[in-house]
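**Q** Sharing a structure below in structure tokens format, with a few things to ask.
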Amino acid sequence: MKADGTIVARKLHKSFGSHEVLRGIDLSVKAGEISCIIGPSGSGKSTLLRCVNGLETVDRGVLRVNGEDFGYVEKDNAYHAVSPQRLAEQRSRVGMVFQQFNLFPNMTAENNVMSGPVLVKKIDRKLARERAQELLAQVGLDGCGHKYPAQLSGGQQQRVAIARALAMDPSIMLFDEPTSALDPELVGEVLAVMRDLAHHGMTMLLVTHEMAFARDVADEVLFMDEGVAVERGDAREVLANPREKRTQEFLERVL
Amino acid sequence: MSTTTIGSTTGRRPSSELLPENKKRITPKRPRDYACWAAAIAVVAGLLYTTVTNENYQWPVVFSYFTTESILDGLALTLVLTVVSMGLGVLLGLVLAVMRMSHQAPISGLARLYITFFRGTPVLVQLIFWFNIAALYPNVSIGIPFTDISTPVDVNTLMTPLTAAIVGLTLNEAAYMAEIIRGGFASVGRGQYEAADSLGMSGFTRLRHVIIPQTMPAIIPATGNQVIGMLKGTSLVSVLGVAELLNSAQSIYARTYQTIPLLIVASLWYLIMTMALSVPQSMIERRFSRSTRRPAAVATATKESLL
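Going down the list, the sequences are from chains E and G.
Mapped onto my numbering, the consecutive letters of the first sequence carry residue numbers 1 to 255.
Mapped onto my numbering, the consecutive letters of the second sequence carry residue numbers 1001 to 1307.
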């Protein structure tokens, strides 16, 4: 089982019906690197992110996650889909944080965090509970474990969601606009947790509109528009001095 | 300058209720508020007066038959029919719901056809139809396909009134339950599936621990309503001659011509049973209410659902 925390994509294509969402995207994230995908809505950012843990399948191209082909094995002249068990195993090493949190409303915060370890990894409940409490403390939610998602604020829910993803000990964390559904005053607490995670060397790939966060924390920025990578490079360089005209226009509008 | 300052603690103050900020706000009762009460009381009083004074109600007859043996036997059969038809209906409804949600178009199409047919025709017609099914298929043979093992069955003897009643009620109920169960699953958002998938859960674990617990708030209260509906619906099978509650009452008044008193006996029993069922029903509804005002209620309802 490889888990080197890298993501490599070459010439990824993905269509929904006749609409081609990804048109030959390249992506490379090294272990421990923080990479931000920015771009206008409908540019395929989220789709690209969702491909990396198999929530969307890739039509064509190479996608290697944690040093191995993701969801498919290359054999003879084709890529063959792996078994559901194998796919689930690959996914469990890639944590995902959603825009809408997607906590399980029928479980307490603690049980949400425990759900992966207990239900997937079959870890002893007692150990899983201790670990869940540690993780909740790490995201600043000490003592909130008994609460249900409906009793938590959006920012708290998103932090529980981060803890839930971390509980699987992933080597990569994906964030799909993690602060877009939050009230402005709650954005900071979630970004703080993510910043902390970045400093601990987690490989992170995130779709975000938080340009200040991207500038402060990210190593690399990928600007996407209409399914293609328009510009890619050092985060501060791209955000401060974009070379491409489309990047300049986009940044002018959002900054 | 005026000395009446708000919150002042010095000087002589009027008692606190007399301060403008503490005065009660009163909405005067309007004539229509009293008129509504008067009208309602008049209606109830009139009804009471006529039920007591009109001797055609024959209350003594009602009381004398209320707990007579054949009525109690009918009551028992009504309850058995409700439980059996509901139980089988839920099981078949679950199968239909799963078929209906299938990605295989022919399978979901079959379920849709079934649901359309059984919800689109009156249950009374369906009951009579099943009772007379022998006219359509007089003999069927039950056996193992591709072998010689089979037994011929005479449909006429198989389809007793009771069998026809259970078959008819079950098949009809299944169509409604299928839609209720499907609605329950439709109420769970796609994000829940994605969150479970992203943790690497298997399809079964996802269903068992994430999806099904979330379908219950939509399914259970609706099923409770179906049970109450089924209880009353069993009265339809009286036309097949099944000796349930209504039929038992009818058998008595066929002899004694005391039609109204015996219909009152049956109605009172139906009322008692539906009221008895509505108590747990409203408890269940409160427990599973998804009100955002009382997240604690949802919390206790689904506690221990994980793991």
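All C-beta atoms in this analysis are idealised placements derived from N, C-alpha and C, irrespective of residue type, glycine included.
This structure is a prediction, so every number in the text was calculated from the model and none was measured.
In this structure, how does DSSP classify G/ILE1041 when only helix, strand and coil are distinguished?
**A** Mapped onto the second sequence, residue 1041 of chain G falls at position 41. Three-state result, G/ILE1041: helix.
**Q** On the criterion of 16 or more Cβ atoms from any shown chain inside 10 Å, does E/PRO117 qualify as buried, or is it exposed?
**A** Residue mapping note: residue 117 of chain E aligns to position 117 of the first sequence, counting from 1. E/PRO117 comes out buried.
**Q** Taking the alpha-carbon positions, what's the E/GLU210 to E/VAL228 distance?
**A** Locating residue 210 of chain E in the first sequence gives position 210, counting from the first residue. Locating residue 228 of chain E in the first sequence gives position 228, counting from the first residue. Each residue's alpha carbon lies about 21 Å from the other.
**Q** What in chain G is Cβ-close to E/GLY155, meaning under 8 Å?
**A** Stepping through the first sequence from its first residue, residue 155 of chain E is reached at position 155. Result: empty, since nearest Cβ-Cβ is about 17 Å, beyond 8 Å.
**Q** E/ILE34 and E/LEU48 - do their beta-carbons sit closer together than 8 Å?
**A** Mapped onto the first sequence, residue 48 of chain E falls at position 48. Mapped onto the first sequence, residue 34 of chain E falls at position 34. No, the Cβ-Cβ distance between E/LEU48 and E/ILE34 is not below 8 Å.
**Q** Is the segment 92 to 110 of chain E close to the segment 163 to 173 of chain E, with three or more CB pairs under 8 Å?
**A** Yes, the segment 92 to 110 of chain E is in contact with the segment 163 to 173 of chain E.
**Q** Should the segment 1173 to 1180 of chain G be regarded as contacting the segment 1083 to 1103 of chain G, the criterion being three or more beta carbon pairs within less than 8 Å?
**A** Yes, the segment 1173 to 1180 of chain G touches the segment 1083 to 1103 of chain G.
**Q** Are three or more beta carbon pairs between the segment 1138 to 1146 of chain G and the segment 1057 to 1074 of chain G nearer than 8 Å?
**A** No: the two stretches stay apart, fewer than three of their Cβ pairs being nearer than 8 Å.
**Q** Please decide whether E/GLY5 counts as near chain G, where near means a Cβ-Cβ distance under 8 Å.
**A** Here residue 5 of chain E is taken as the residue at index 5 of the first sequence, counted from 1. Closer than 8 Å: no.
**Q** In chain E, what lies closer than 7 Å to G/PRO1213 by C-beta?
**A** Walking along the second sequence from the start, residue 1213 of chain G turns up at place 213. Near G/PRO1213 (Cβ distances below 7 Å), the residues of chain E are ASN106.
**Q** How would you label G/PHE1063, buried or exposed, when you count the other beta carbons within 10 angstroms and need 16 or more for buried?
**A** Position 63 of the second sequence holds residue 1063 of chain G. Exposed.
**Q** Quick one: which chain G residues come within Cβ less than 7 Å of E/GLU89?
**A** As a first step, residue 89 of chain E must be located in the first sequence, where it is residue number 89. Here the neighbours are GLY1200.
**Q** Along chain E, in chain order, which residues have C-beta atoms closer than 8 Å to that of G/GLN1192?
**A** Within the second sequence, the letter at position 192 stands for residue 1192 of chain G. Simply ASN102, PHE104.
**Q** Do the segment 46 to 66 of chain E and the segment 20 to 27 of chain E make contact, defined as three or more Cβ pairs closer than 8 Å?
**A** Yes, since at least three Cβ pairs between the segment 46 to 66 of chain E and the segment 20 to 27 of chain E fall closer than 8 Å, the two stretches touch.
**Q** In the DSSP assignment, the alpha helix (DSSP H) including G/ALA1135 goes from what residue to what residue?
**A** As a first step, residue 1135 of chain G must be located in the second sequence, where it is residue number 135. Run containing G/ALA1135: none; DSSP gives neither H nor E here.
**Q** Comparing C-alpha positions only, which one of E/HIS146, E/GLY140, E/MET168 sits nearest to E/GLY155?
**A** Residue mapping note: residue 155 of chain E aligns to position 155 of the first sequence, counting from 1. When only C-alpha atoms are compared, the closest one is E/GLY140.
**Q** Report yes or no: do three or more beta-carbon pairs, one from the segment 1117 to 1132 of chain G and one from the segment 1163 to 1170 of chain G, lie closer than 8 Å?
**A** Taking 8 Å as the limit for Cβ pairs, the verdict is that the segment 1163 to 1170 of chain G does touch the segment 1117 to 1132 of chain G.
**Q** Kindly list the residues whose CB is nearer than 7 Å to the CB of G/VAL1084, restricted to its own chain and excluding five residues on each side of it in sequence; keep chain order.
**A** As a position in the second sequence, residue 1084 of chain G is number 84, starting the count at 1. Excluding positions up to five away in sequence, the list reads ILE1166.
**Q** Can you give the Cα-Cα distance for G/GLU1244 and G/SER1278, rounded to whole angstroms?
**A** The sequence position of residue 1244 of chain G within the second sequence is 244, counting from 1. The sequence position of residue 1278 of chain G within the second sequence is 278, counting from 1. Straight-line Cα distance between these residues: approximately 21 Å.
**Q** I'd like to know whether the C-beta atoms of E/ASP234 and E/GLU220 end up nearer to each other than 8 Å.
**A** Numbered from 1 along the first sequence, position 234 holds the residue referred to as residue 234 of chain E. Numbered from 1 along the first sequence, position 220 holds the residue referred to as residue 220 of chain E. Yes.
**Q** Evaluate E/VAL254 with the Cβ neighbour count: other Cβ atoms within 10 Å of its Cβ, from every protein chain shown; 16 or more gives buried, anything less gives exposed.
**A** In the first sequence, the residue the question calls residue 254 of chain E occupies position 254. The residue in question, E/VAL254, is exposed, as its Cβ has fewer than 16 Cβ neighbours within 10 Å.
**Q** Along the chain, where does the beta strand (DSSP E) containing E/GLU287 start, and where does it finish?
**A** A query on residue 287 of chain E cannot be resolved here, the shown segment of chain E reaching from 1 to 255 and no further.
**Q** Secondary structure at G/PHE1204, three-state DSSP: helix, strand or coil?
**A** Here residue 1204 of chain G refers to the residue found at position 204 of the second sequence. The answer is helix: DSSP assigns G/PHE1204 an H, G or I state.
**Q** Can the beta-carbon of G/TYR1065 be found less than 8 Å from the beta-carbon of G/LEU1262?
**A** Here residue 1065 of chain G refers to the residue found at position 65 when the second sequence is read from its first residue. Here residue 1262 of chain G refers to the residue found at position 262 when the second sequence is read from its first residue. Yes; because the gap between Cβ atoms is below 8 Å, this pair is in contact.
**Q** E/LEU63 CB to nearest chain G CB: under 8 Å?
**A** On the first sequence, residue 63 of chain E is found 63 positions in, with the first residue counted as 1. Not one chain G Cβ lies under 8 Å of E/LEU63.
**Q** Let's see if you can read the secondary structure: which residues bound the beta strand (DSSP E) around E/ARG9?
**A** By one-based count along the first sequence, residue 9 of chain E stands at place 9. The sequence given here places Ala at residue 9 of chain E; Arg does not occur at that position. Residues 7 to 16.
**Q** So, for E/VAL21: in the same chain, excluding its five sequence neighbours on each side, which residues have a beta-carbon less than 7 Å away from its beta-carbon?
**A** Numbered from its first residue, the first sequence carries residue 21 of chain E at position 21. Cβ neighbours of E/VAL21 beyond the five flanking positions: LYS14, SER15, GLY44, THR47, GLY227.
**Q** What residue from E/GLY5, E/THR6, E/GLY39, E/ALA3 has the CA that sits closest to E/LYS245's CA?
**A** Looking up residue 245 of chain E in the first sequence gives position 245. Closest option to E/LYS245, Cα to Cα, is E/GLY39.
**Q** Run through chain E and tell me which residues come within less than 8 Å of G/GLY1203, C-beta to C-beta.
**A** Your numbering for residue 1203 of chain G matches position 203 in the second sequence. The answer, in chain order, is PRO84.
**Q** Under 8 Å by Cβ, that's how I've got E/ARG129 and E/MET114 pegged, so tell me the actual separation to the nearest angstrom.
**A** Position 129 of the first sequence, counting from 1, holds the residue named residue 129 of chain E. Position 114 of the first sequence, counting from 1, holds the residue named residue 114 of chain E. 6 Å between Cβ atoms; contact.
**Q** DSSP three-state call for G/MET1215: helix, strand or coil?
**A** By one-based count along the second sequence, residue 1215 of chain G stands at place 215. Sequence inspection shows Thr at residue 1215 of chain G; the Met mentioned does not correspond to that position. Helix at G/THR1215.
**Q** Taking DSSP as the reference, what is the three-state secondary structure of G/THR1274?
**A** One-based indexing of the second sequence puts residue 1274 of chain G at position 274. Three-state result, G/THR1274: helix.
**Q** Do G/THR1274 and G/LEU1231 have their CB atoms nearer than 8 Å?
**A** The count along the second sequence starts at 1 and reaches residue 1274 of chain G at position 274. The count along the second sequence starts at 1 and reaches residue 1231 of chain G at position 231. Yes, they are a contact pair.
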